[in-house]
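Quick note on the working numbering: the sequence shown kicks off at -17 and runs consecutively. Beta carbons: idealized from backbone N, C-alpha and C, even for Gly. See structure below.
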Amino acid sequence: ERVVLAQLKDVPAETQDGIAVSLQANIELPDEAESALANGATGIGLFRSEFLFIGRSELPTEEEQYQAYASVVRTMQHRPVTIRTLDIGADKALDGEATVATNPALGLRAIRYCLAHPDLFATQLRAILRASAHGTVRILIPMVAHMHEVRAARAAIASAMAELDLRGQSYSKNVEVGAMVEIPATAIAIEPFADALDFLSIGTNDLIQYTLAIDRADNEVAGLYDPLHPAILRLIANVINAGIRVGKSVALCGEMAGDPQLTRLLLGLGLTQFSMHPQQLLSVKREILRAHSNALRVQVATSLNRASPIDPASLH
Ligand code: PEP
Ligand code: MG
């Protein structure tokens, strides 16, 4: 099967009715960019930056971060590289930092943490911006729930650019800024975010956790962690439709994107940008090549508002 799939590497991901789909990779370490390319990824849809910060007692320097980001950007050769700013806190605590929050998943994590630690955030932003001199970089902000967080993140990016200008260091002035949509409030009241940001990426791993009140790491309730819950599908549809209305790109980078059994369902919801573990890219591409996007859209639209969950296997 792998042999047959390998032949799809350079085949454009397009449905039977001619809808072009973007298939990008999620990576956690710089050297995984090679595997993204080997599996035909047209870009990095999610570069998690936590690896630089976890399991050590000192923060990574700007130079160390710059080298790590730039190596991925060079490997990808002008394909877009979406670098997510630090998503620390909760299950991903910094070394030596006592987690005192009673409920860390609802605590000071991700963009909240970065805005509370402006020097750490500024260092990372300068490193990302410097990497943008070598290709196409996009900045992705995790766990956004408030528009003031978007404004504060954009202000921090502008300051980082001003600092690089002072130093005479080069970067791209056209770096796009997007947000993870992974908090239900953001997915419900998505319009101002779609207007203010350059792109959106739906993080279903956290979106499911927060919508269904299921800790994604708690085995005792894992059976209730249900990507097909009608509320989840409606939130995904709401974000995709808002992106279409205002002409902003919407990707999905949670585990759902890499499950070939869910590809037809996601196409039916109108998704055209998927980002996943490199190992899943070709299986998902095979599903896309077989799919009739418009027929799927009709089937999903008619069942989206029913109380009973959609059976993804029944879609054709
Ligand atoms: C998500 O929440 O869906 C996501 C892609 O990010 P992470 O799994 O790193 O929280
Ligand atoms: Mg997340």
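- Separation of T168 and F175 (C-alpha to C-alpha, rounded to the nearest whole angstrom) is 8 angstroms.
- Between V282 and G250, the C-beta gap is smaller than 8 angstroms, which places the two residues in contact.
- Cβ neighbours of A18 within its own chain (closer than 7 angstroms, five residues either side excluded): A7, I9, I26, P260.
- The beta-carbon separation of I218 and I184, rounded to 6 angstroms, stays under the 8 angstroms limit for a contact.
- The beta carbon of S154 lies closer than 7 angstroms to those of S114, A115, V119 in the same chain, with the five residues before and after it left out.
- Per DSSP, Q106 is one residue of the alpha helix (DSSP H) stretching across 100 to 113.
- Assignment of M162 by DSSP, reduced to helix, strand and coil, places it in the strand class.
- C-alpha of P212 to C-alpha of F29: approximately 29 angstroms in a straight line.
- Contact check between the region 85 to 97 and the region 45 to 59: fewer than three CB pairs, one atom from each, fall below 8 angstroms, which does not count as touching.
- Per the CB criterion, closer than 5 angstroms to any heavy atom of the ligand MG, the qualifying residues run in chain order as E164, G185, D188.
- Pairing V163 with R279, the inter-Cα distance amounts to about 22 angstroms.
- Under the DSSP assignment, P212 falls in the alpha helix (DSSP H) whose first and last residues are 212 to 228.
- A161 sits close to V126, with the two beta carbons spaced by under 8 angstroms.
- Assignment of beta-bridge partners to N8 by DSSP yields L28.
- Here the alpha carbon of G71 sits roughly 7 angstroms from the alpha carbon of A92.
- Not one heavy atom of the ligand PEP is found less than 7 angstroms from the C-beta of G89.
- The beta carbon of E32 sits closer than 7 angstroms to those of L68, D69, I70, K74, all from its chain and outside the five residues before and after it, given in chain order.
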